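Everything below concerns the one structure shown next.
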Amino acid sequence: MDREPGLSVRLKLTLSYAGFLLVAGVLLIAVVWVFLLRYVPDQAVTVSGDDAPGGPGLFIPGRRDLWRAFAPKAALMLAFLAVFGLVGGWLLASRMLAPLQRITEVTRTAGSGSLSHRIRLPGRRDELRELADTVDAMLDRLEAHVAEQRRFAANASHELRTPLATTQALLDVARQDPPHDPGELVERLHAVNARAIDLTEALLLLSRADQRSFLRERVDLSLLAEEAAETLLPFAEGRGVSIETSGDVTPAVGSRALLLQMVTNLVHNAIVHNLPAGGTVQVRTGVLKGSVVVTVENTGETLDPARVATLVEPFQRGTARVHGDQAGVGLGLAIVDSIVRAHDGHLVLTPLATGGLRVVVRLPAAPPRTDH
Ligand SMILES: Nc1ncnc2c1ncn2[C@@H]1O[C@H](COP(=O)(O)OP(=O)(O)OP(=O)(O)O)[C@@H](O)[C@H]1O
Ligand SMILES: [Mg+2]
122 MDREPGLSVR
132 LKLTLSYAGF
142 LLVAGVLLIA
152 VVWVFLLRYV
162 PDQAVTVSGD
172 DAPGGPGLFI
182 PGRRDLWRAF
192 APKAALMLAF
202 LAVFGLVGGW
212 LLASRMLAPL
222 QRITEVTRTA
232 GSGSLSHRIR
242 LPGRRDELRE
252 LADTVDAMLD
262 RLEAHVAEQR
272 RFAANASHEL
282 RTPLATTQAL
292 LDVARQDPPH
302 DPGELVERLH
312 AVNARAIDLT
322 EALLLLSRAD
332 QRSFLRERVD
342 LSLLAEEAAE
352 TLLPFAEGRG
362 VSIETSGDVT
372 PAVGSRALLL
382 QMVTNLVHNA
392 IVHNLPAGGT
402 VQVRTGVLKG
412 SVVVTVENTG
422 ETLDPARVAT
432 LVEPFQRGTA
442 RVHGDQAGVG
452 LGLAIVDSIV
462 RAHDGHLVLT
472 PLATGGLRVV
482 VRLPAAPPRT
492 DH
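Position one of the sequence shown corresponds to residue 122 (the working numbering), numbered consecutively onward.
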């Protein structure tokens, strides 16, 4: 923003400091003067003879004489106060404002794109140090966010390139050595293309949830959980996994499509990352202290808690895949996380001691219906 140049804060502080000092000086002199007037006669008096307290022939000055003697001294005093106020104010203001200069410097550098500098003001806490610490914390978050975005863009491009490169390789081979049965090539190309479409759709979904641009309506999560479990039942049976759903009515407010996607991703994960055979998945819904809670729990191999903490990051996949044929992209939990955040909720992943994972999603409960 372009602004008209104005007085610097340092100058303003100096002038106010000197101004206050002058006003205080004038007030003090006025009080002294009023006090003195009570004891001084209007006109000068000469007391003669033995009546005089200090001996014969005493001269007592009148108000005018006193003023003549007092005024130049008072003016001198005020001039001294003005100079003292200006110099002292200038030095004090520069001391007080020094941290601001450092804060401005660092925010200006950050504004020009370099987010690695910090203010790190030394000393005890006061208003300016609090401001500096807040700016530092903001820069920390901003830097982490930018790094995350860069990582995301790099991963997304890498993942998107993989199916394209596979397609290219398949086509190159087919051109050099035309296949006897083009049907097989078409099938493979179809599978690779389907994967690219899935990935692009997952990315679109992620950005839609992040932008929070969706219609909010009243949704019962227990119905969504049942719908997701029902849709995925044949898939689970194919893998020898059984699904069990239970729970009460759990009214939340949000996008029906996104919340269904969230539950579907969780149940899909619970099926895919389960035991090779005889695994179970439990989906429970409930209301707890003004929140609605969805819990998806599955059997599976034992997971390292440190690793589990990173699983919601985009493109993070578990190392040991139980079923290699269903190689995921690693966006399922990232999508769940942004949908949960877009609905002002919390997502907690807990590895189970017996193996497998418990995922708990907690969302604000919908307010009770007011219509009759
Ligand atoms: N219910 C679960 N039980 C055990 N491990 C899980 C579970 N859910 C997720 N994981 C681990 O977290 C990783 C990330 O999950 P995420 O859903 O983000 O990606 P993905 O399932 O690999 O791929 P996709 O993008 O197709 O979902 C998985 O690769 C898996 O190792
Ligand atoms: Mg997944």
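Yeah, the Cβ is synthetic: ideal placement off N, Cα and C, and Gly gets one too. Note that the coordinates shown come from a computational prediction; the quantities given were computed from them, not determined experimentally.
Own chain residues within Cβ distance below 8 Å of residue i, not counting five before or after
i      : result
GLY146 : MET198, LEU199, LEU202
GLY183 : VAL161, PRO162, ASP163, GLN164, ALA165, VAL166
VAL433 : LEU454, ALA455, VAL457, ASP458, LEU468, LEU470
Cutoff 6 Å; reference residue i; Cβ partners in own chain excluding five residues on either side
i      : result
ARG316 : PRO284
LEU242 : PRO220, ARG250, ALA253
GLY453 : ASN386, ASN390
TRP211 : THR135
VAL227 : HIS238, ILE240
TYR138 : GLY206, GLY210
ALA275 : none
Residue i versus residue j - alpha carbon distance
i      : j      : result
ALA231 : GLU264 : 10 Å
ARG223 : VAL256 : 11 Å
ARG240 : LEU260 : According to the sequence displayed, residue 240 carries Ile and not Arg. Going from the Cα of ILE240 to the Cα of LEU260 covers about 10 Å.
GLU308 : ASP302 : 11 Å
PRO472 : SER235 : 39 Å
THR401 : THR420 : 6 Å
VAL166 : ALA190 : 17 Å
ALA277 : ARG262 : 22 Å
GLU358 : GLN297 : 42 Å
ALA312 : ARG490 : 47 Å
VAL294 : GLU322 : 29 Å
ARG462 : ARG245 : 36 Å
GLY476 : GLU422 : 5 Å
ALA192 : VAL144 : 16 Å
CB contact check: residue i to chain D, cutoff 8 Å
i      : result
ARG246 : The structure shown has no chain D; it contains just one protein chain.
CB of residue i within 8 Å of CB of residue j, strictly
i      : j      : result
LEU478 : THR406 : no
PRO300 : LEU306 : yes
SER459 : LEU327 : yes
GLY439 : GLY399 : no
GLU280 : LEU320 : yes
ALA373 : ALA486 : yes
Beta-ladder partner(s) of residue i, from DSSP
i      : result
ASP341 : PRO372
GLY451 : GLY451 pairs with nothing; no bridge assigned.
THR366 : VAL404
PRO472 : LEU478
ARG483 : VAL414, HIS467
LEU179 : VAL168
LEU409 : SER412
ASN419 : VAL402, LEU478
Same chain only: Cβ atoms within 7 Å of residue i, ignoring 5 sequence neighbours per side
i      : result
VAL469 : VAL481
LEU424 : PRO472, LEU478
beta-carbon residue i near ligand 4 non-hydrogen atom, thresh 7 Å
i      : result
VAL393 : What this structure holds is ligand 1 and ligand 2, not ligand 4.
Three or more C-beta pairs closer than 8 Å, one from the region 383 to 396 and one from the region 476 to 488: is that the case here? The region 383 to 396 is in contact with the region 476 to 488.
Any contact of the region 242 to 255 with the region 264 to 276, i.e. 3+ C-beta pairs under 8 Å? Not touching, per the Cβ criterion.
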